[in-house]
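Take a look at the structure below.
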Amino acid sequence: MDLKQEFEIEGNWWLPNEPNNKSYGTLSYSPRQGVFLSLVERLDEPGNPRISVLLGESFASQKITLINVIVERGNFPFNQRVLLSASSVLLNIHYHKKEDIKFSSISVTIPEIFPWFKKSRIKFNERNPLKTIELQPANSFNLEVNDFELEVGTTFGSSTYKPVQDEFTLKQIGYYTFSPKKGELNFDECLLIIENVNLFFAIACNLDFVSQEISGLSNDRAVEIVIPPYKEIKKQDISDIDYNILFYVDNFVEDFKTQFTNWYLNLETYKFLYDLYARISFKSLSGHIENQFINIIQALETFHRINYEGLYMNPQIYQSKVYSKIAEELSKIQIDSNLRDSLKARLKYGNEISLRNRLKQLLKEHWNFKVLFIPDHDRFVKTVVDKRNFITHLDPQAGNLHYIQGFEFAKATKILFYLLKYCLMLSMGVREDRIHKVMLSHRDRLSYEEYFNRS
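Mapped onto my numbering, the consecutive letters of the sequence shown carry residue numbers 7 to 461.
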């Protein structure tokens with residue numbers, strides 16, 4: 007089932023424990039809106055709007071299981087249809103309980119990521135008398151990660167829409183397949199693995215993509231899985247994808263297998279940062295520049311907290327000799343209790359170094375980046391911190407005249423984003439020469455924009 011295409015399925019629907027109480031309805035899927043089921047009459051108990059599992063069968067005898075169903079509109083006084091939403095759809099199988107949903111393997115196809123593997127190609131051989139088409143998929147990689155095995159690579163898909171074939175479409179497709187080392191994976195475990203692997207490729211390819219097909223093997227039966235992306239599907243030009251890729255499969259310090267395994271094992275530590283980067287890169291950059299700026303600052307602070315101690319002094323000493331004594335003195339002062347609580351709350355984080363010091367340390371550690379983009383790092387850090395303070399602690403009387411604005415603000419925001427990208431690539435084990443190449447392209451683009459702005 008193509009997750010990028012809308013579809014509808016008509017059939018009968020019922021609760022697992024009430025197979026004789028069926029209702030006619032239409033299941034509708036939209037990549038942007040999600041999964042909705044319109045029923046002639048409601049099946050659930052009034053006052054209980056959540057259904058763990060709902061079963062259905064199409065008029066073509068296809069078995070359907072809906073997961074995490076919510077009654078969106080269930081009143082029935084005016085002969086109005088019941089409307090339900092679902093988080094996921096499983097086709098070709100019935101499950102009576104959510105805990106019964108387990109898979110021995112899952113496959114995911116993502117057409118847009120095949121350039122990441124670099125070595126796949128389609129070649130039309132005109133010299134051959136048969137006019138052959140040569141297909142050369144990139145080498146697949148087999149990895150062992152935690153308690154599952156993962157295969158990633160490229161394949162080819164073709165389609166034709168005519169009974170007499172005078173033309174057909176042939177596409178290169180990126181894919182990955184995973185299966186547990188022992189037993190089976192429950193549905194929530196599968197969803198988490200899909201989310202994490204997709205996140206890796208989204209960052210690597212610098213691409214906000216949508217899985218095209220998800221299928222699995224459960225109880226020795228092939229199951230199609232529908233998980234709405236809840237976003238608008240935009241057609242991606244392959245040349246743009248290749249141009250914007252952040253790093254390729256052969257750009258790691260160590261081999262891809264080792265690097266990806268290490269990345270996945272450390273994912274829990276970095277997950278918030280990666281999610282934040284994806285939000286900045288794919289969503290925030292098209293929004294207000296102030297939001298971009300604040301989000302990038304937050305991401306850089308997060309990266310610093312993960313990788314550096316970021317404290318002025320030993321935390322035990324701070325707690326015993328600074329925090330406790332100041333908190334004790336605050337208790338003696340006759341001030342508003344809300345103010346006292348606010349000051350104590352700020353003191354809890356008083357040992358953490360400031361944004362100014364975090365940025366200075368990041369630039370000191372990443373000298374190559376500083377040389378490319380920031381000739382005077384003290385001045386740059388000061389203007390960034392002052393602007394952040396102005397935005398987060400807005401003083402209408404202060405005005406905005408003393409802070410960077412216009413192109414200079416946009417330039418500083420981009421430099422901060424490039425610094426975030428630089429740090430992220432290092433943390434993912436990308437080689438310095440690849441990082442330097444990406445940063446050079448960013449610097450050239452920024453120089454062109456600066457020249458255009460001043461001319």
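For every residue, glycine included, the Cβ atom is placed at its ideal position computed from N, Cα and C.
Would you kindly report the start and end of the unbroken beta strand (DSSP E) that includes residue i?
i    : result
I231 : 227 to 232
N301 : That residue, N301, is in no beta strand (DSSP E); its alpha helix (DSSP H) goes 295 to 313.
L43  : 40 to 45
G356 : Element bounds for G356: n/a, residue is neither H nor E.
S91  : 88 to 97
K69  : 69 to 79
L141 : 138 to 142
Name, in chain order, the residues that DSSP records as bridge partners for residue i.
i    : result
W19  : S29, G62
N192 : K108
N148 : E157
P186 : F154
T264 : Bridge partners of T264: none, in fact.
G163 : K177
Y35  : F13, V41
S113 : T183, S221
R56  : I76
L317 : E358
I128 : L141
F258 : V436
From residue i to residue j, what distance separates their C-alpha atoms?
i    : j    : result
I112 : L198 : 12 Å
E455 : Q218 : 36 Å
I300 : L365 : 14 Å
D382 : I302 : 20 Å
P135 : I295 : 59 Å
L213 : L273 : 19 Å
W122 : E12  : 28 Å
L89  : N18  : 14 Å
V114 : Y318 : 47 Å
L430 : E195 : 26 Å
V77  : V46  : 13 Å
L282 : E132 : 49 Å
Y236 : G40  : 6 Å
L61  : I73  : 9 Å
T308 : E14  : 43 Å
N338 : A351 : In the sequence on display, residue 338 carries Lys and not Asn. Distance between the alpha carbons of K338 and A351: 17 Å.
R285 : E24  : 43 Å
D8   : L432 : 35 Å
K393 : F423 : 15 Å
I57  : P234 : 18 Å
Take residue i and list the residues in its own chain whose beta-carbon comes closer than 8 Å to its own, dropping the five residues that flank it on each side.
i    : result
R227 : N98, I99
F84  : Note that F84 scores 46 on pLDDT, short of 50, meaning its location in the model is unreliable; the coordinates nonetheless yield the value given after this. Excluding residues within five positions, none has a Cβ falling inside 8 Å.
F154 : F184, S185, P186, K187, L191, I199
L425 : L306, L368, L369, H372, F375, F379
N204 : V114, I116, F215, S217
K10  : P37, V216, Q218, I239
K417 : L452, E455, E456
S91  : G40, V41, F42, L43, V75, I76, E78
Residue i: beta carbon under 7 Å from a heavy atom of the ligand MN?
i   : result
N23 : Looking for the ligand MN in the displayed structure turns up nothing, as the structure carries no ligands at all.
Starting from residue i, trace the alpha helix (DSSP H) both ways and give me its first and last residue.
i    : result
S284 : According to the sequence displayed, residue 284 carries Ala and not Ser. Its alpha helix (DSSP H) spans residues 273 to 288.
Q367 : 361 to 371
V387 : 383 to 398
N459 : 438 to 460
G412 : 412 to 433
K2   : Outside the shown range of the chain, which is 7 to 461, sits residue 2, and nothing can be said about it.
To which residues of the same chain is residue i closer than 7 Å at the C-beta, ignoring the five residues directly before and after it?
i    : result
F413 : N459
K28  : N18, W19, W20
N357 : L317, Y318, M319, P321, Y324
G163 : K177, I179
V255 : W122, F123, K124, F262
Leaving aside the five residues before and after residue i along the sequence, list all residues of the same chain whose C-beta is less than 6 Å from its C-beta, in chain order.
i   : result
F82 : Because F82 sits at a pLDDT of 48, beneath the cut-off of 50, its placement in the model cannot be relied upon, and the point is left open.
Would you call the segment 256 to 265 in contact with the segment 188 to 203, where contact means no fewer than 3 C-beta pairs closer than 8 Å? no
Count the C-beta pairs between the segment 383 to 393 and the segment 434 to 447 that are closer than 8 Å, then say yes if the count reaches three, no if not. no
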